[in-house]
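Enquirer:
Number of protein chains: 2
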Amino acid sequence: MGKEPEDTIASRISRVLADRIVRGELAPGARLRQDHIAEEFETSHVPVREAFRRLEAQGLAISEPRRGVRVASFDLAEVREVAEMRAVLEVLALRHAARHLTPAILDAAEDAAREGDAAADVHAWEAANRRFHRLILAPCGMKRLLASIDDLHAASARFLFSAWQSGWEKRTDHDHRAILSALRQGKSDEAAAILQKHVQWIGRGPQPAKTGAARETFAIVG
Amino acid sequence: MGKEPEDTIASRISRVLADRIVRGELAPGARLRQDHIAEEFETSHVPVREAFRRLEAQGLAISEPRRGVRVASFDLAEVREVAEMRAVLEVLALRHAARHLTPAILDAAEDAAREGDAAADVHAWEAANRRFHRLILAPCGMKRLLASIDDLHAASARFLFSAWQSGWEKRTDHDHRAILSALRQGKSDEAAAILQKHVQWIGRGPQPAKTGAARETFAIVG
DNA sequence: GGAATAAAAATTATCTATAATTTGAGAAGG
DNA sequence: CCTTCTCAAATTATAGATAATTTTTATTCC
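If you're matching them up, the sequences are chains Z and F in order.
Each residue of the first sequence is one higher than the one before, counting from 1 in the numbering used here.
Each residue of the second sequence is one higher than the one before, counting from 223 in the numbering used here.
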């Protein structure tokens with residue numbers, strides 16, 4: 001019954017730490033001390049070090065030999081870099097996924113879009129948004145590509161969360177609807193074009209400065 | 223004098239193992255036993271395990287909890303996946319690098335192209351080819367993008383080496399020349415278009431079956 | 001008072017040891 | 001002869017211990 005895959009301790013630690021970094025609970029530049037983390041997870045530091053290697057590969061942490069590991073910092077340039085990578089990779093994935101999209105999948109994506117519009121806070125919105133993208137891209141069946149996109153989503157989400165500590169506001173995402181509409185009509189090129197612009201906007205437009213400007217930036221985070 | 227950064231043991235092990243996997247010295251599916259590797263490198267298995275995590279993230283090895291790590295296998299579908307990812311990411315990089323390309327860089331790339339044409343074996347060719355691509359892409363200054371491309375190059379090289387165990391033959395790579403020519407004339411869109419096709423061809427065309435067909439496939443591996 | 005320096009504390013990287021799981025060889029049964 | 005079981009050997013995963021390096025704190029000298 002209750003199959004408990006409960007994989008290695010290292011992977012659990014890396015998941016938890018990745019989540020904290022993405023959510024901003026661990027600030028950029030913060031030191032990750034292996035003994036402290038080991039103590040928190042009630043293990044030795046060996047699995048912790050393995051988790052660090054994973055975070056490093058994901059671009060969420062930076063390790064300097066003998067000097068420890070810290071949370072990776074990121075600037076606007078990197079946010080744009082990630083956005084552009086996502087744009088080309090998601091378009092590639094969508095092109096391959098298109099032929100495998102069923103009405104059922106598109107309905108599920110529609111649900112995710114609705115859920116995003118109704119989200120009460122930025123975390124709920126991000127989860128729904130991620131689900132939307134994953135649903136329409138996963139049918140491409142390209143594991144490596146999907147894994148890369150997941151990592152880039154995490155990086156995007158970091159930026160998103162850092163900009164909206166507070167002040168969320170419901171709103172309809174027209175891009176998501178337009179993508180679905182195009183896909184339902186079999187116009188996959190059009191869907192890909194919208195997706196590309198949709199994603200590429202991240203990090204452009206008004207700087208996420210004071211809370212006042214926050215609302216404007218919303219539209220450009222997908 | 224001889225500054226010896228000689229970073230952590232784990233990173234050295236991961237570099238060596240990655241090289242062996244790419245060159246095909248370690249066959250797909252082969253088990254990587256931590257104690258044996260530790261013994262070979264005269265260390266304990268702890269750094270070895272850290273190296274494994276790195277290889278896993280690069281897609282060169284696959285780890286199953288409690289069952290060990292094996293060299294990742296790859297099929298034609300994955301080769302194409304990697305080729306398509308490279309195509310879109312390298313084009314993205316080139317678009318950003320274009321404005322920063324100097325005549326000196328293009329000359330160095332020309333050298334690399336010549337070196338590739340004169341290569342006596344497949345390893346020499348691959349090294350020159352990689353150098354060519356890196357030279358024209360690095361000026362984009364996007365670290366994450368370049369790191370992803372490097373990983374994809376490793377995956378491509380694996381395929382290349384598996385196809386050409388022997389039977390190398392000198393030959394001029396016209397695509398490389400055409401890309402440089404376009405770049406020298408400031409036609410970066412044209413250069414990007416050629417690059418895209420150049421890379422995308424990998425894994426297409428005649429199957430790398432018997433040694434006889436090998437020659438044909440050459441033209442389409444870049 | 002502040003830079004320079006030396007001793008102490010904390011932290012990383014690695015090694016050795018132990019527990020737990022898997023693989024594989026051989027024996028028993030159909 | 002092939003399957004299934006049992007037990008030993010090999011292997012993985014984690015813990016605990018040690019050496020080496022970095023960071024911090026305290027102290028001296030100008």
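We treat Cβ as the ideally placed atom computed from N, Cα and C, and that holds for glycine.
Are there 16 or more other CB atoms within 10 angstroms of the CB of residue 431/F, so buried, or fewer, so exposed?
Expert: In the second sequence, the residue the question calls residue 431/F occupies position 209. With a pLDDT of only 47 at residue 431/F, under the threshold of 50, the placement of this residue in the model should not be trusted; the figure read from the coordinates follows. By the 10 Å Cβ count, residue 431/F comes out exposed.
Enquirer: Note down, in chain order, every chain F residue with its Cβ under 7 Å from the Cβ of residue 49/Z.
Expert: Counting from one through the first sequence, the residue named residue 49/Z turns up at place 49. Within 7 Å Cβ-Cβ: 272.
Enquirer: Whole angstroms is fine: what's the gap from residue 242/F's alpha carbon to residue 274/F's?
Expert: As a position in the second sequence, residue 242/F is number 20, starting the count at 1. As a position in the second sequence, residue 274/F is number 52, starting the count at 1. Looking at the two C-alpha atoms, the distance is approximately 13 Å.
Enquirer: Could you please give me the residues that DSSP links to residue 283/F through a beta bridge?
Expert: Translated into positions along the second sequence, residue 283/F becomes position 61. Per DSSP, 293/F.
Enquirer: Report the option in 16/Z, 117/Z, 107/Z and 119/Z whose CA atom is closest to the CA atom of residue 40/Z.
Expert: Numbered from 1 along the first sequence, position 40 holds the residue referred to as residue 40/Z. The candidate whose alpha carbon is nearest that of residue 40/Z is 16/Z.
Enquirer: Taking residue 420/F as the reference, give the member of 410/F, 401/F and 353/F with the closest Cα.
Expert: Your numbering for residue 420/F matches position 198 in the second sequence. That would be 401/F, whose Cα lies nearest to the Cα of residue 420/F.
Enquirer: Between residue 146/Z and residue 93/Z, how many whole angstroms is the CB-CB distance? I'm expecting something under 8 Å.
Expert: Taking the first residue of the first sequence as 1, we reach residue 146/Z at position 146. Taking the first residue of the first sequence as 1, we reach residue 93/Z at position 93. Going by Cβ atoms, the distance from residue 146/Z to residue 93/Z rounds to 7 Å, so yes, they are a contact pair.
Enquirer: When you compare the CB of residue 370/F with every CB in chain Z, is at least one pair closer than 8 Å?
Expert: Here the question's residue 370/F lines up with position 148 in the second sequence. Yes, its Cβ sits closer than 8 Å to a Cβ of chain Z.
Enquirer: Can the beta-carbon of residue 250/F be found less than 8 Å from the beta-carbon of residue 285/F?
Expert: Working through the second sequence from its first residue, we reach residue 250/F at position 28. Working through the second sequence from its first residue, we reach residue 285/F at position 63. Not in contact: residue 250/F and residue 285/F (Cβ atoms no closer than 8 Å).
Enquirer: Should residue 216/Z go down as buried or exposed, given a rule of 16 or more other Cβ atoms within 10 Å for buried?
Expert: For the purposes of this step, residue 216/Z is taken as the residue at position 216 of the first sequence. Bear in mind that a pLDDT of 45 at residue 216/Z, under 50, signals an unreliable position, so the number given afterwards is only what the model happens to contain. Exposed, because fewer than 16 other Cβ atoms sit within 10 Å of the Cβ of residue 216/Z.
Enquirer: Taking 8 Å as the CB-CB limit, is residue 144/Z close to chain F?
Expert: Here residue 144/Z refers to the residue found at position 144 when the first sequence is read from its first residue. For residue 144/Z, the answer is yes, since a Cβ of chain F falls inside 8 Å of its Cβ.
Enquirer: In chain F, what lies closer than 7 Å to residue 59/Z by C-beta?
Expert: As a position in the first sequence, residue 59/Z is number 59, starting the count at 1. Those are 366, listed as they occur along chain F.
Enquirer: Between which two residues does the alpha helix (DSSP H) containing residue 147/Z stretch?
Expert: For the purposes of this step, residue 147/Z is taken as residue 147 along the first sequence, with counting starting at 1. Per DSSP, residue 147/Z belongs to the alpha helix (DSSP H) from 143 to 163.
Enquirer: Just the C-alpha distance for residue 434/F and residue 134/Z, rounded to the nearest angstrom, thanks.
Expert: Taking the first residue of the second sequence as position 1, residue 434/F is located at position 212. Taking the first residue of the first sequence as position 1, residue 134/Z is located at position 134. Residue confidence is low: residue 434/F scores 44 on pLDDT, short of 50, so the model does not pin down where it sits. Its coordinate-derived value is still stated next. For residue 434/F and residue 134/Z, the distance between alpha carbons rounds to 43 Å.
Enquirer: When the Cα atoms are used, what is the spatial distance from residue 383/F to residue 307/F?
Expert: Within the second sequence, residue 383/F is the residue found at index 161, counting from 1. Within the second sequence, residue 307/F is the residue found at index 85, counting from 1. Spanning the two alpha carbons is a distance of roughly 19 Å.
Enquirer: Taking the C-alpha atoms as reference points, what is the distance between residue 142/Z and residue 245/F?
Expert: In the first sequence, the residue the question calls residue 142/Z occupies position 142. In the second sequence, the residue the question calls residue 245/F occupies position 23. Residue 142/Z and residue 245/F: Cα-Cα distance of roughly 24 Å.
Enquirer: Which two residues bound the contiguous alpha helix (DSSP H) that contains residue 116/Z?
Expert: Your numbering for residue 116/Z matches position 116 in the first sequence. 103 to 117 is the span of the alpha helix (DSSP H), which, as asked, contains residue 116/Z.
Enquirer: Counting Cβ pairs closer than 8 Å, one from the stretch 151 to 159 of chain Z and one from the stretch 77 to 84 of chain Z, do we hit at least three?
Expert: Contact between the stretch 151 to 159 of chain Z and the stretch 77 to 84 of chain Z is present, because at least three Cβ pairs lie under 8 Å.
Enquirer: Any beta carbon from chain Z within less than 8 Å of residue 356/F's own beta carbon?
Expert: Residue 356/F sits at position 134 when you count from the first residue of the second sequence. Taking Cβ atoms only, chain Z never reaches closer than 8 Å to residue 356/F, which makes this a no.
Enquirer: Quick one: using the 10 Å Cβ neighbour count with 16 as the cut-off for buried, is residue 185/Z buried or exposed?
Expert: Within the first sequence, residue 185/Z is the residue found at index 185, counting from 1. Per the 10 Å Cβ criterion, exposed.
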